[in-house]
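Student: Sharing a structure below in structure tokens format, with a few things to ask.
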Amino acid sequence: MSDIQPGHTVYDRSGLTYEFVEALSNNRALVRPILRVWTYEGGEEDAPAEAVEIVSMGDISRTKPIASIDAEISLAADKLASIRAEIREAEAGLSAAQKSAVERITKLQKFNGLERLEDYLDGAITHFVVQDPYYNKVSVKTFEEFAAHTDDRGRATGEIKLLCLFGSTKDYWRAQQLPSVEWRMNHYYDGSGSWTKCQPACSEEEAVLVAKEWLKSAFDAYLIDTGDKRPWLMEGPIQSAEKLDIEVPQQLLADLKAHKGKAAAANVEKARKALAEAEALASTGGAA
2 MSDIQPGHTV YDRSGLTYEF VEALSNNRAL VRPILRVWTY EGGEEDAPAE
52 AVEIVSMGDI SRTKPIASID AEISLAADKL ASIRAEIREA EAGLSAAQKS
102 AVERITKLQK FNGLERLEDY LDGAITHFVV QDPYYNKVSV KTFEEFAAHT
152 DDRGRATGEI KLLCLFGSTK DYWRAQQLPS VEWRMNHYYD GSGSWTKCQP
202 ACSEEEAVLV AKEWLKSAFD AYLIDTGDKR PWLMEGPIQS AEKLDIEVPQ
252 QLLADLKAHK GKAAAANVEK ARKALAEAEA LASTGGAA
């Protein structure tokens with residue numbers, strides 16, 4: 002037993018662990034039991050006890066007894082099996098969650114306009130793309146600017162305006178490829194006001210991209226329209242495009258300029274006619 006030195010870890014025949022303190026006479030030794038204790042961090046560690054014991058040198062050894070090793074192996078195997086079972090359970094839960102997410106995404110992809118439905122439910126919406134219901138202007142507004150309800154004095158009431166999904170058989174802004182729905186915000190939280198077309202977004206950058214897409218689709222729709230063009234209805238989108246730094250088709254600008262020229266000429270002609278009639282009436286002294 003001369004290989005055992007003070008500070009060494011030793012084991013008795015039952016597998017208990019000790020710190021070797023010193024050898025005594027008559028083949029005896031002074032040892033401290035090593036105990037499993039909790040740490041302040043919530044873990045466990047081995048620490049020698051303050052009390053010492055006297056044991057026979059023949060009852061301690063630097064190596065664990067086979068029975069103790071077998072017990073530790075069995076305990077480790079049980080713990081490993083438990084960990085593997087937990088991993089399998091976690092993997093099964095993850096697989097089910099992934100399957101559920103894929104199924105939800107697949108359902109949402111069946112309709113244009115549902116891209117941000119779950120984000121709205123999760124409170125992740127920060128901005129809205131808004132289409133003016135009267136002039137077709139497109140703008141980007143924050144959630145608070147557009148969705149927060151205010152009273153007649155413009156003060157926030159703490160309520161959110163009513164946001165709904167409307168069915169649509171024709172998408173004004175883009176080619177119809179899937180069944181379409183569109184977001185609309187009511188002027189009041191109870192749905193008693195007018196509705197405004199909008200699209201929720203999770204960032205200002207995303208909202209700007211959507212706004213540009215809407216405007217580009219509106220310009221494309223105007224250019225491919227083979228019917229009577231009405232460029233005056235595009236003044237709102239043109240103004241919006243200028244604010245968002247989007248190029249407006251030259252054909253549209255030319256059509257709008259020509260329309261305004263015709264309208265101005267018609268107004269001048271109408272004014273001249275009215276003036277001539279007034280002068281004729283004055284020259285006759287107002288007689289019929």
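Its first residue numbered 2, the sequence shown is counted upward by one per residue in this note's numbering. No residue lacks a Cβ here, since even glycine has one placed at the ideal position from N, Cα and C.
1. Going by other Cβ atoms of all chains shown within 10 Å of its Cβ, with 16 needed for buried, is residue 1 buried or exposed?
2. Taking just the CA atoms, how far does residue 255 sit from residue 96?
3. Counting only the same chain and skipping the five closest in sequence on each side, list residues whose C-beta sits under 8 Å from that of residue 217.
4. Helix, strand or coil for residue 201, going by three-state DSSP, please let me know.
5. Determine the DSSP secondary structure at residue 73, reduced to helix, strand or coil.
6. Where residue 66 and residue 72 are concerned, what is the direct C-alpha to C-alpha distance, given to the nearest angstrom?
7. Taking the beta carbon of residue 57 as the centre, do at least 16 other beta carbons fall within 10 Å, making it buried, or is it exposed?
8. Find the nearest neighbour of residue 122 within the set 87, 146, 203 and 225, judged by alpha-carbon distance.
9. Under 8 Å between the Cβ atoms of residue 34 and residue 23?
10. Is the CB-CB distance between residue 200 and residue 209 below 8 Å?
11. State the Cα-Cα distance for the pair residue 183 and residue 195, rounded to the nearest angstrom.
12. Give the straight-line distance between the Cα atoms of residue 59 and residue 93, rounded to the nearest whole angstrom.
13. Between the Cα of residue 119 and the Cα atoms of 159, 105 and 245, which residue gives the shortest distance?
Tutor: The relevant details are as follows:
1. Residue 1 lies beyond the residue range present for the chain, which begins at 2 and ends at 289; the question has no answer from this structure.
2. By 1-based counting over the sequence shown, the position of residue 96 is 95. By 1-based counting over the sequence shown, the position of residue 255 is 254. Approximately 58 Å between the Cα atoms of the pair.
3. Indexing the sequence shown from 1 puts residue 217 at position 216. The answer, listed in chain order, is 247.
4. Working through the sequence shown from its first residue, we reach residue 201 at position 200. Residue state, collapsed to three classes: strand.
5. Along the sequence shown, one-based indexing puts residue 73 at 72. Residue 73: helix per DSSP, three-state reduction.
6. Counting from 1 along the sequence shown, the entry for residue 66 is found at position 65. Counting from 1 along the sequence shown, the entry for residue 72 is found at position 71. Cα-Cα distance, rounded: 10 Å.
7. Residue numbering aside, residue 57 sits at position 56 when the sequence shown is read from its first letter. Flag for residue 57 reads exposed.
8. By one-based count along the sequence shown, residue 122 stands at place 121. The shortest Cα separation from residue 122 among 87, 146, 203 and 225 belongs to 203.
9. Against the sequence shown, residue 34 aligns to sequence position 33. Against the sequence shown, residue 23 aligns to sequence position 22. Contact flag unset, no.
10. Taking the sequence shown and counting its residues from 1, one reaches residue 200 at position 199. Taking the sequence shown and counting its residues from 1, one reaches residue 209 at position 208. Not a contact, by the Cβ cut-off of 8 Å.
11. Taking the sequence shown and counting its residues from 1, the one referred to as residue 183 is at position 182. Taking the sequence shown and counting its residues from 1, the one referred to as residue 195 is at position 194. When rounded, the distance between both Cα atoms is 15 Å.
12. In the sequence shown, the residue the question calls residue 59 occupies position 58. In the sequence shown, the residue the question calls residue 93 occupies position 92. Roughly 53 Å separates the two Cα atoms.
13. Counting from 1 along the sequence shown, the entry for residue 119 is found at position 118. The shortest Cα separation from residue 119 among 159, 105 and 245 belongs to 105.
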